[in-house]
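See below for the structure under consideration.
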Amino acid sequence: MPDQRQFQRRDYNRGFQQSRREGGPGFEVLMRRFFREVQQSRILSEAKKRRHFSKDISRTEKRVIARRKAVVKRIKRGY
1 MPDQRQFQRR DYNRGFQQSR REGGPGFEVL MRRFFREVQQ SRILSEAKKR
51 RHFSKDISRT EKRVIARRKA VVKRIKRGY
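1 is the number of the first residue of the sequence shown in the UniProt record's numbering; add one for each residue after it.
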C-alpha cells in the first residue's frame, strides 16, 4: 500500500524511529522529516564517536591539551 510506507532506523534506547506517510505529504517531505528526526536524535554523531576506540587520557594530559588550544586561540585572535 503506497499510503502505509514506513522508513525506520534503529534507535538503541527507544526502539525503532518511524516516519509514516498518511495520505497528504509527498515522498520528499517524508524523507526530509525522517532525516531531521535522525539528526535530532543524534544517532549518527554517536556512531561516529564510537567508530574508533580512543583511550581515556589523564587529567594532566587534558590540561596540556587545553593550554595548547588556548594558545592557538589567542594567536588566532591576535592577543
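Cβ coordinates follow ideal geometry from the N, Cα and C atoms, glycine included.
1. Pull up the distance between the alpha-carbon of Glu37 and that of Ser45, whole angstroms please.
2. What is the DSSP secondary structure of Ile57, reduced to helix, strand or coil?
3. Please report the residue range of the alpha helix (DSSP H) in which Ser45 lies.
Taking the geometry as given:
1. A straight-line Cα-Cα distance of about 13 Å links Glu37 and Ser45.
2. Shown here, Ile57 sits in coil according to DSSP, grouped into three states, outside any helix or strand.
3. Per DSSP, Ser45 belongs to the alpha helix (DSSP H) from 43 to 50.
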